[in-house]
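Trainee: If you use my numbering, the sequence shown closes out at 603, no skipped numbers anywhere. We put the beta carbon where it would ideally sit given N, CA and C, even for glycine. Input: one structure, supplied below.
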Amino acid sequence: MFLADVPAHAQAARAPTMAGRSTVYAPHGAVATSQPLATAAGLAVLQRGGNAIDAAVTAAAVLNVVEPMMTGMGGDLFSLFWSAKEKKLVGLNASGRSGSLLTRDELVKRGRKSMPVTGAESITVPGALAGWADLLSKYGTITLAQALAPAIDLAEHGFPVTPVIAGDWADYVDAVKADEGGRTTFAVDGRAPKAGEWFRNPDLAATFRLIAKEGVGVFYGGSLGAKVAGQVQKLGGFITLDDLKAHHSDWVTPISVPFKGYRLYELPPNGQGIAALEMLRILEPFDLAKLGHNSAEYLHLLIEVKKLAYADLAQFVGDPKDMKAPSSHLLSDPFIAERRSHLDPNKAVSRPEPGPALTASETIYLTTADQYGNMVSLINSLASGFGSGVVVPGTGVALQNRGAGFTMTDGLPNTVGPKKRPFHTIIPAFVTKTGAGGVEEPWMSYGVMGGAMQPQGHVQVLLNMLVFGMEPQAALDAARFRHLNDNRVALEAPITDSARAGLSRLGHELQMLAPGAAGGAQAIIRLPRGYAAASDPRKDGMAAGH
Numbered sequence: 058m059f060l061a062d063v064p065a066h067a068q069a070a071r072a073p074t075m076a077g078r079s080t081v082y083a084p085h086g087a088v089a090t091s092q093p094l095a096t097a098a099g100l101a102v103l104q105r106g107g108n109a110i111d112a113a114v115t116a117a118a119v120l121n122v123v124e125p126m127m128t129g130m131g132g133d134l135f136s137l138f139w140s141a142k143e144k145k146l147v148g149l150n151a152s153g154r155s156g157s158l159l160t161r162d163e164l165v166k167r168g169r170k171s172m173p174v175t176g177a178e179s180i181t182v183p184g185a186l187a188g189w190a191d192l193l194s195k196y197g198t199i200t201l202a203q204a205l206a207p208a209i210d211l212a213e214h215g216f217p218v219t220p221v222i223a224g225d226w227a228d229y230v231d232a233v234k235a236d237e238g239g240r241t242t243f244a245v246d247g248r249a250p251k252a253g254e255w256f257r258n259p260d261l262a263a264t265f266r267l268i269a270k271e272g273v274g275v276f277y278g279g280s281l282g283a284k285v286a287g288q289v290q291k292l293g294g295f296i297t298l299d300d301l302k303a304h305h306s307d308w309v310t311p312i313s314v315p316f317k318g319y320r321l322y323e324l325p326p327n328g329q330g331i332a333a334l335e336m337l338r339i340l341e342p343f344d345l346a347k348l349g350h351n352s353a354e355y356l357h358l359l360i361e362v363k364k365l366a367y368a369d370l371a372q373f374v375g376d377p378k379d380m381k382a383p384s385s386h387l388l389s390d391p392f393i394a395e396r397r398s399h400l401d402p403n404k405a406v407s408r409p410e411p412g413p414a415l416t417a418s419e420t421i422y423l424t425t426a427d428q429y430g431n432m433v434s435l436i437n438s439l440a441s442g443f444g445s446g447v448v449v450p451g452t453g454v455a456l457q458n459r460g461a462g463f464t465m466t467d468g469l470p471n472t473v474g475p476k477k478r479p480f481h482t483i484i485p486a487f488v489t490k491t492g493a494g495g496v497e498e499p500w501m502s503y504g505v506m507g508g509a510m511q512p513q514g515h516v517q518v519l520l521n522m523l524v525f526g527m528e529p530q531a532a533l534d535a536a537r538f539r540h541l542n543d544n545r546v547a548l549e550a551p552i553t554d555s556a557r558a559g560l561s562r563l564g565h566e567l568q569m570l571a572p573g574a575a576g577g578a579q580a581i582i583r584l585p586r587g588y589a590a591a592s593d594p595r596k597d598g599m600a601a602g603h
């Protein structure tokens, strides 16, 4: 569904875009990532006959090297995978759990009134490395050692830093300068590398070589894990070697909602993907095309729907074992109707209450597709820039601060505690459509990185395509909003003055949204023959095909 398939009044509402890139069309396969070297590494795997999983893990490992403030084996991973052989979508939750030594009482004893957002206390078990291995062992055709080889080469010999990443590095380098390992690994003469400057991470190359030789067990319970757990505890953190040894990923069933003949899939909690599904369900009866793309009326509706869905995230979502309201309740007809009833077309609501209960980060996103019909939607993150700011000396690995995703408010599914998965912001997405004979077919693998931007970004990009008929690159380029909190909303520059004036009259407090805060997106669409791919101009990345 592109421009020719939508009404004329919707076509006329196409938004001004951020850049003039073209959608990439390819006959056999495609890769879209946030950094060109990662895209090239994944594409090389496809060209050698590897599949989409092989390419995705290879690209993710390269991103660990070239975009180290955003991602890596020290973080967590989630993935959706369309298996052409099984003709179904499968999900992987490769997020880690809190350390067994972490309790709310211990934090209170230490004088903490809110969750630590940096330092060793914020570190949870990293799940990404196990996720890479699990994807390859179940669906890949190459070994983990083969997937790590391009990353090892780049980490050992170096690469020139790209412009957007250099800017992000400069923004976040202070987070690692207070840590011995972080300062040695990621600061160059006490600063971030500049665009075009050569950077090496030989410690990470050595770590990857060790993993390639001995397997992931060297981290999850072995000598590398002992080194990491020992340093984390020395710095006041809560992870033990047994916590690393006990870690496991979970294959999960994706959750979804229908929308205009298509179906949006997200992973179930502990992530926030359910908010995108709730938003789409609330929006179902509205004539969005008639409102006009990024008009004041359209933006007001989406912003208010977002507020409702995010209020429910805070109240109901956490580690699945602690959730009292299942995902099915939050997407049920009565619950959605109740949430929709709170929308006011004439006024911005500052802080909506969550819906009725049952009565009884920083990130990289990438997507790949292969000649065999497989498609991967994968997201990997350290949470904040350089995560916790802790790098165990000699490892080259930044450790995530995902523990900051817990709350110290007592009695909620996401209340901090030992051996729990925290609420997660990182979410991959996937869209299917109904084909001949009513058979569900893969259509689009996509994602929008950027903390709380992600569900609202998923919805904006999808509506750009399904309602306003934009091609993939135009859908990613189009200006976005980001609701912040209360009535504060940030808008990208191309959104018109008339739309801004209309939103102000409705009570929204507006500010400018910088491209880096609008999220970076990638997308691949399956065509009747071949693929169409796009990569966000707000990042350094690119889409490529063969």
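For glutamate 354, which residues of its own chain have a beta-carbon under 6 Å away from its beta-carbon, when the five flanking residues on both sides are left out?
Mentor: In the sequence shown, counting from the first residue as 1, residue 354 sits at position 297. Closer than 6 Å at the Cβ level, and outside the excluded window around glutamate 354, lie Leu348.
Trainee: For arginine 459 and leucine 298, I'd like the C-alpha separation in whole angstroms.
Mentor: For this step, residue 459 is matched to residue 402 along the sequence shown. For this step, residue 298 is matched to residue 241 along the sequence shown. Going by the C-alpha atoms only, they are around 18 Å apart.
Trainee: Going by C-alpha to C-alpha distance, which of Val102, Tyr277, Val518 sits closest to lysine 302?
Mentor: Within the sequence shown, numbered from 1, the residue matching residue 302 stands at position 245. Considering only alpha carbons, the answer is Tyr277.
Trainee: Contact defined as beta carbons within less than 8 Å: I believe glycine 587 pairs with proline 84. What is the distance between those atoms, to the nearest angstrom?
Mentor: Locating residue 587 in the sequence shown gives position 530, counting from the first residue. Locating residue 84 in the sequence shown gives position 27, counting from the first residue. Rounded, the Cβ-Cβ distance is 4 Å, consistent with contact.
Trainee: Roughly how many whole angstroms lie between the Cα atoms of proline 183 and glycine 131?
Mentor: Counted from its first residue, the sequence shown places residue 183 at position 126. Counted from its first residue, the sequence shown places residue 131 at position 74. Whole-angstrom Cα-Cα distance: 5 Å.
Trainee: By DSSP, does arginine 537 sit in helix, in strand, or in coil?
Mentor: To locate residue 537, count along the sequence shown from 1; it is residue 480. DSSP places arginine 537 in coil when its eight states are reduced to three.
Trainee: How many whole angstroms separate the CB atoms of valine 454 and leucine 261, which I take to be in contact at a CB cut-off of 8 Å?
Mentor: Mapped onto the sequence shown, residue 454 falls at position 397. Mapped onto the sequence shown, residue 261 falls at position 204. The distance from the Cβ of valine 454 to that of leucine 261 is about 6 Å, consistent with a contact at the 8 Å cut-off.
Trainee: Using a Cβ-Cβ cutoff of less than 6 Å, which residues in the same chain neighbour serine 592 once the five nearest sequence positions on both sides are dropped?
Mentor: The residue you call residue 592 lines up with position 535 of the sequence shown. So the list reads Ala89, Gln579, Gly598, Met599, Ala600, once near-sequence residues are dropped.
Trainee: When you compare the CB positions of glycine 86 and histidine 515, do they come within less than 9 Å of one another, or not?
Mentor: To locate residue 86, count along the sequence shown from 1; it is residue 29. To locate residue 515, count along the sequence shown from 1; it is residue 458. No, they are not a contact pair.
Trainee: Among Asp467, Gly99, Gly239, which has the Cα closest to the Cα of arginine 160?
Mentor: Position 103 of the sequence shown, counted from the first residue, corresponds to residue 160. It is threonine, not arginine, that sits at residue 160 in the sequence shown. That would be Asp467, whose Cα lies nearest to the Cα of threonine 160.
Trainee: Please name the residue or residues paired with glutamine 457 in a DSSP beta bridge.
Mentor: Along the sequence shown, read from residue 1 onward, the residue named residue 457 stands at position 400. According to DSSP, glutamine 457 bridges with nothing at all.
Trainee: So does the region 469-482 actually touch the region 374-392, counting three or more Cβ pairs closer than 8 Å?
Mentor: The region 469-482 is in contact with the region 374-392.
Trainee: What's the gap between the Cα of threonine 416 and the Cα of histidine 386?
Mentor: In the sequence shown, the residue the question calls residue 416 occupies position 359. In the sequence shown, the residue the question calls residue 386 occupies position 329. With a pLDDT of 38 at threonine 416, under the threshold of 50, the predicted position of this residue should be treated as unreliable, though the coordinate-derived value follows. So the two alpha carbons sit approximately 11 Å from each other.
Trainee: So which of Tyr229, Pro470, Leu523 has the shortest CA-CA distance to leucine 337?
Mentor: Position 280 of the sequence shown holds residue 337. Nearest of Tyr229, Pro470, Leu523 to leucine 337, Cα basis: Leu523.
Trainee: Buried or exposed for asparagine 544, please, with buried defined as at least 16 other CB atoms from any protein chain shown within 10 angstroms of its CB.
Mentor: Taking the first residue of the sequence shown as 1, we reach residue 544 at position 487. Asparagine 544 should be labelled buried.
Trainee: Taking just the CA atoms, how far does proline 383 sit from alanine 232?
Mentor: Counted from its first residue, the sequence shown places residue 232 at position 175. Counted from its first residue, the sequence shown places residue 383 at position 326. In a straight line, the C-alpha of alanine 232 is about 37 Å away from that of proline 383.
Trainee: How would you label tryptophan 308, buried or exposed, when you count the other beta carbons within 10 angstroms and need 16 or more for buried?
Mentor: As a first step, residue 308 is located in the sequence shown; it is residue number 251 there, counting from the start. When all chains shown are included, tryptophan 308 counts as exposed.
Trainee: According to the Cβ coordinates, are alanine 109 and tyrosine 429 closer than 9 Å?
Mentor: The residue you call residue 109 lines up with position 52 of the sequence shown. The residue you call residue 429 lines up with position 372 of the sequence shown. Yes. Within cutoff.
Trainee: Please work out which residues of its chain come closer than 7 Å, Cβ to Cβ, to leucine 567, disregarding the five sequence neighbours upstream and downstream, and give them in chain order.
Mentor: Here residue 567 is taken as the residue at index 510 of the sequence shown, counted from 1. So the qualifying residues of the chain are Val546, Leu548, Arg557, Leu560, Ser561.
Trainee: Considering only the beta carbon of each residue, do glycine 156 and proline 475 sit closer than 9 Å?
Mentor: Counting from one through the sequence shown, the residue named residue 156 turns up at place 99. Counting from one through the sequence shown, the residue named residue 475 turns up at place 418. Their beta carbons are under 9 Å apart, which means glycine 156 touches proline 475 by this criterion.
Trainee: Would you tell me roughly how many angstroms separate the C-alpha atoms of methionine 606 and proline 585, rounded to the nearest one?
Mentor: In the structure as shown, the chain starts at 58 and stops at 603, and residue 606 therefore has no counterpart that could be examined.
Trainee: Exposed or buried, what is glutamate 143 when buried is set at 16 or more other beta-carbons lying within 10 Å of its beta-carbon?
Mentor: For the purposes of this step, residue 143 is taken as the residue at position 86 of the sequence shown. Looking at its Cβ environment, which holds fewer than 16 other Cβ atoms inside 10 Å, glutamate 143 is exposed.
Trainee: Just to confirm my understanding: we take alanine 426, look at its own chain, exclude 5 residues before and 5 after, and list those with CB closer than 6 Å. What are they?
Mentor: Taking the sequence shown and counting its residues from 1, the one referred to as residue 426 is at position 369. In chain order, Gly86, Ala87, Ala109, Met432, Ile581, Tyr588 place their CB closer than 6 Å to the CB of alanine 426, counting only its own chain and leaving out the 5 sequence neighbours on each side.
Trainee: By Cβ distance below 7 Å, which residues in the same chain neighbour isoleucine 180 in space, the five residues on each side in sequence not counted?
Mentor: Within the sequence shown, residue 180 is the residue found at index 123, counting from 1. Around isoleucine 180: Val289, Gly294, Ile296, Ser445, Val447, Leu456, Gln457, Asn458, Gly460.
Trainee: Entirely within the region 72-116 and at least 4 residues each: give me those alpha helix (DSSP H) ranges in chain order.
Mentor: 93-104
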